[in-house]
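Visitor: Residue numbers (full-length UniProt numbering): 1 to 204.
Backbone N, C-alpha and C fix where the C-beta goes; we use that ideal spot for every residue, glycine too.
Below is a structure I'd like to ask you about.
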(Lines of atoms letter the chains of each structure in order from A and count residues from 1; the text may use other names and numbers.)
(Lines give C-alpha, C1' and ligand atoms only; values in the text may rest on other atoms or scores of the structure.)
Protein backbone atom coordinates (compact mmCIF):
# COMPACT_ATOMS: atom_id res chain seq x y z
CA UNK A 1 0.00 0.00 0.00
CA UNK A 2 2.84 2.37 0.86
CA UNK A 3 4.49 1.56 -2.47
CA UNK A 4 1.27 2.38 -4.31
CA UNK A 5 1.04 5.76 -2.54
CA UNK A 6 4.63 6.50 -3.56
CA UNK A 7 3.81 5.72 -7.22
CA UNK A 8 0.69 7.91 -7.02
CA UNK A 9 2.87 10.86 -5.91
CA UNK A 10 5.30 10.45 -8.81
CA UNK A 11 4.36 12.32 -11.98
CA UNK A 12 4.66 10.80 -15.45
CA UNK A 13 7.48 13.23 -16.29
CA UNK A 14 9.40 12.30 -13.14
CA UNK A 15 9.08 8.64 -14.07
CA UNK A 16 10.42 9.28 -17.58
CA UNK A 17 13.29 11.35 -16.15
CA UNK A 18 14.14 8.48 -13.78
CA UNK A 19 14.14 5.92 -16.62
CA UNK A 20 16.28 8.12 -18.88
CA UNK A 21 18.69 8.87 -16.02
CA UNK A 22 19.11 5.13 -15.36
CA UNK A 23 19.83 4.46 -19.04
CA UNK A 24 22.40 7.28 -19.21
CA UNK A 25 24.11 5.66 -16.21
CA UNK A 26 24.11 2.29 -18.04
CA UNK A 27 25.62 3.92 -21.14
CA UNK A 28 28.33 5.57 -19.05
CA UNK A 29 29.04 2.26 -17.29
CA UNK A 30 29.29 0.57 -20.71
CA UNK A 31 31.89 3.06 -21.90
CA UNK A 32 33.88 2.79 -18.66
CA UNK A 33 33.84 -1.01 -18.55
CA UNK A 34 34.43 -1.17 -22.29
CA UNK A 35 37.61 0.87 -21.83
CA UNK A 36 38.76 -1.55 -19.10
CA UNK A 37 37.73 -4.87 -20.62
CA UNK A 38 38.29 -4.52 -24.37
CA UNK A 39 41.82 -4.65 -25.73
CA UNK A 40 41.14 -1.86 -28.21
CA UNK A 41 38.52 0.74 -29.08
CA UNK A 42 38.11 -1.01 -32.43
CA UNK A 43 36.96 -4.22 -30.70
CA UNK A 44 34.47 -2.23 -28.63
CA UNK A 45 32.96 -0.41 -31.63
CA UNK A 46 32.87 -3.76 -33.45
CA UNK A 47 29.92 -4.64 -31.22
CA UNK A 48 27.83 -2.31 -33.40
CA UNK A 49 28.47 -4.13 -36.69
CA UNK A 50 25.01 -4.15 -38.29
CA UNK A 51 23.48 -7.27 -39.82
CA UNK A 52 19.97 -7.05 -41.30
CA UNK A 53 19.62 -10.83 -40.86
CA UNK A 54 20.36 -10.59 -37.13
CA UNK A 55 17.94 -7.67 -36.76
CA UNK A 56 15.32 -9.91 -38.38
CA UNK A 57 16.11 -12.70 -35.91
CA UNK A 58 15.69 -10.25 -33.01
CA UNK A 59 12.39 -8.87 -34.34
CA UNK A 60 10.98 -12.37 -34.88
CA UNK A 61 12.02 -13.48 -31.38
CA UNK A 62 10.61 -10.26 -29.89
CA UNK A 63 7.24 -10.79 -31.60
CA UNK A 64 7.04 -14.36 -30.26
CA UNK A 65 7.86 -13.17 -26.72
CA UNK A 66 5.23 -10.40 -26.90
CA UNK A 67 2.59 -12.81 -28.23
CA UNK A 68 3.30 -15.28 -25.41
CA UNK A 69 3.35 -12.56 -22.73
CA UNK A 70 0.03 -11.04 -23.85
CA UNK A 71 -1.51 -14.53 -23.99
CA UNK A 72 -0.35 -15.12 -20.40
CA UNK A 73 -1.68 -11.68 -19.32
CA UNK A 74 -5.11 -12.70 -20.59
CA UNK A 75 -4.88 -16.18 -19.08
CA UNK A 76 -3.48 -15.43 -15.61
CA UNK A 77 -5.00 -13.30 -12.82
CA UNK A 78 -4.07 -9.61 -13.16
CA UNK A 79 -2.26 -9.69 -9.79
CA UNK A 80 0.48 -11.79 -11.42
CA UNK A 81 1.50 -8.76 -13.48
CA UNK A 82 1.06 -6.18 -10.71
CA UNK A 83 4.28 -4.14 -10.50
CA UNK A 84 2.72 -1.48 -8.30
CA UNK A 85 1.41 0.57 -11.20
CA UNK A 86 4.79 1.76 -12.54
CA UNK A 87 4.42 0.36 -16.06
CA UNK A 88 0.85 1.62 -16.35
CA UNK A 89 1.83 5.14 -15.27
CA UNK A 90 4.90 5.15 -17.52
CA UNK A 91 3.18 3.90 -20.67
CA UNK A 92 -0.45 5.01 -20.37
CA UNK A 93 0.38 8.73 -20.55
CA UNK A 94 3.18 8.48 -23.12
CA UNK A 95 2.85 9.66 -26.72
CA UNK A 96 3.80 7.31 -29.56
CA UNK A 97 7.02 9.32 -30.04
CA UNK A 98 7.87 8.92 -26.34
CA UNK A 99 7.18 5.18 -26.49
CA UNK A 100 9.46 4.84 -29.52
CA UNK A 101 12.47 6.67 -28.07
CA UNK A 102 12.02 5.21 -24.59
CA UNK A 103 11.91 1.69 -26.05
CA UNK A 104 15.02 2.42 -28.12
CA UNK A 105 17.16 4.06 -25.42
CA UNK A 106 16.33 1.28 -22.92
CA UNK A 107 17.06 -1.45 -25.46
CA UNK A 108 20.32 0.18 -26.60
CA UNK A 109 21.69 1.04 -23.15
CA UNK A 110 20.79 -2.23 -21.43
CA UNK A 111 21.88 -4.50 -24.27
CA UNK A 112 25.17 -2.67 -24.73
CA UNK A 113 25.99 -3.03 -21.03
CA UNK A 114 24.66 -6.49 -20.18
CA UNK A 115 25.18 -8.34 -23.44
CA UNK A 116 27.75 -6.31 -25.38
CA UNK A 117 30.14 -5.53 -22.51
CA UNK A 118 29.42 -7.93 -19.63
CA UNK A 119 28.39 -11.10 -21.48
CA UNK A 120 31.12 -10.71 -24.10
CA UNK A 121 33.76 -10.52 -21.37
CA UNK A 122 32.33 -12.85 -18.71
CA UNK A 123 29.50 -15.34 -19.18
CA UNK A 124 25.92 -15.73 -20.33
CA UNK A 125 24.82 -16.70 -16.81
CA UNK A 126 26.43 -13.75 -15.01
CA UNK A 127 25.14 -11.19 -17.54
CA UNK A 128 21.63 -12.66 -17.40
CA UNK A 129 21.52 -12.68 -13.60
CA UNK A 130 22.82 -9.10 -13.37
CA UNK A 131 20.21 -7.99 -15.91
CA UNK A 132 17.46 -9.59 -13.79
CA UNK A 133 18.83 -8.06 -10.57
CA UNK A 134 18.85 -4.47 -11.89
CA UNK A 135 15.13 -4.90 -12.56
CA UNK A 136 14.79 -5.15 -8.78
CA UNK A 137 11.27 -3.69 -8.70
CA UNK A 138 10.05 -7.03 -10.03
CA UNK A 139 11.93 -9.09 -7.46
CA UNK A 140 9.36 -8.80 -4.65
CA UNK A 141 6.82 -10.68 -6.78
CA UNK A 142 7.58 -14.35 -7.55
CA UNK A 143 5.90 -14.42 -10.96
CA UNK A 144 7.48 -11.19 -12.22
CA UNK A 145 10.84 -12.43 -10.89
CA UNK A 146 10.44 -15.69 -12.82
CA UNK A 147 9.32 -13.73 -15.89
CA UNK A 148 12.31 -11.36 -15.94
CA UNK A 149 14.83 -14.14 -15.20
CA UNK A 150 13.52 -16.30 -18.06
CA UNK A 151 13.43 -13.32 -20.42
CA UNK A 152 16.98 -12.37 -19.44
CA UNK A 153 18.30 -15.87 -20.17
CA UNK A 154 16.43 -15.96 -23.50
CA UNK A 155 17.99 -12.65 -24.59
CA UNK A 156 21.40 -13.81 -23.39
CA UNK A 157 20.96 -17.09 -25.27
CA UNK A 158 20.11 -15.27 -28.48
CA UNK A 159 23.22 -13.11 -28.09
CA UNK A 160 25.29 -16.26 -27.46
CA UNK A 161 23.83 -17.85 -30.61
CA UNK A 162 23.97 -14.86 -32.98
CA UNK A 163 27.01 -13.06 -31.55
CA UNK A 164 25.23 -9.88 -32.68
CA UNK A 165 24.28 -7.01 -30.41
CA UNK A 166 21.67 -5.87 -32.92
CA UNK A 167 19.75 -9.13 -32.56
CA UNK A 168 19.19 -8.43 -28.87
CA UNK A 169 18.69 -4.66 -29.28
CA UNK A 170 15.96 -5.27 -31.85
CA UNK A 171 14.38 -7.99 -29.66
CA UNK A 172 14.44 -5.75 -26.58
CA UNK A 173 13.06 -2.79 -28.58
CA UNK A 174 10.15 -4.81 -29.97
CA UNK A 175 9.25 -6.21 -26.53
CA UNK A 176 9.40 -2.76 -24.87
CA UNK A 177 7.46 -1.01 -27.63
CA UNK A 178 4.68 -3.53 -28.20
CA UNK A 179 4.09 -4.31 -24.53
CA UNK A 180 4.13 -0.56 -23.84
CA UNK A 181 1.46 -0.05 -26.51
CA UNK A 182 -0.56 -2.97 -25.12
CA UNK A 183 -0.41 -1.60 -21.56
CA UNK A 184 -1.38 1.84 -22.88
CA UNK A 185 -4.44 0.52 -24.75
CA UNK A 186 -5.44 -1.64 -21.79
CA UNK A 187 -5.22 1.39 -19.48
CA UNK A 188 -7.36 3.51 -21.84
CA UNK A 189 -9.96 0.75 -22.02
CA UNK A 190 -9.99 0.50 -18.21
CA UNK A 191 -10.49 4.28 -17.86
CA UNK A 192 -13.34 4.24 -20.40
CA UNK A 193 -15.04 1.44 -18.47
CA UNK A 194 -14.62 3.34 -15.18
CA UNK A 195 -16.04 6.48 -16.83
CA UNK A 196 -19.06 4.58 -18.15
CA UNK A 197 -19.64 3.00 -14.72
CA UNK A 198 -19.43 6.43 -13.05
CA UNK A 199 -21.93 7.84 -15.59
CA UNK A 200 -24.34 4.94 -14.97
CA UNK A 201 -24.16 5.46 -11.20
CA UNK A 202 -24.72 9.21 -11.60
CA UNK A 203 -27.86 8.65 -13.70
CA UNK A 204 -29.34 6.00 -11.37
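Is DSSP giving residue 147 helix, strand or coil here?
Guide: Looking at residue 147 - three-state DSSP - the assignment turns out to be helix.
Visitor: Can you give me the C-alpha to C-alpha distance between residue 105 and residue 180, rounded to a whole angstrom?
Guide: Going from the Cα of residue 105 to the Cα of residue 180 covers about 14 Å.
Visitor: Are the beta-carbon atoms belonging to residue 124 and residue 157 less than 8 Å from one another?
Guide: Going by C-beta atoms, residue 124 is nearer than 8 Å to residue 157.
Visitor: Could you tell me how far apart the beta carbons of residue 205 and residue 67 are, in whole angstroms, since I believe they sit closer than 8 Å?
Guide: No information on residue 205 is available, as it lies outside the stretch 1 to 204 that the chain covers here.
Visitor: For residue 30, is the classification buried or exposed, using 16 other Cβ atoms within 10 angstroms of its Cβ as the cut-off for buried?
Guide: Flag for residue 30 reads buried.
Visitor: Which of the three DSSP states is assigned to residue 107 in this structure?
Guide: Helix, per DSSP.
Visitor: What ranges does the beta strand (DSSP E) occupy inside the stretch 160-196, keeping only unbroken runs of at least 3 residues that lie completely in it?
Guide: Listed in chain order, there is nothing to give.
Visitor: For the stretch 58-97, which segments carrying the alpha helix (DSSP H) assignment without a break, of at least 4 residues, lie completely within its bounds, in sequence order?
Guide: Qualifying alpha helix (DSSP H) stretches, in chain order: 86-92.
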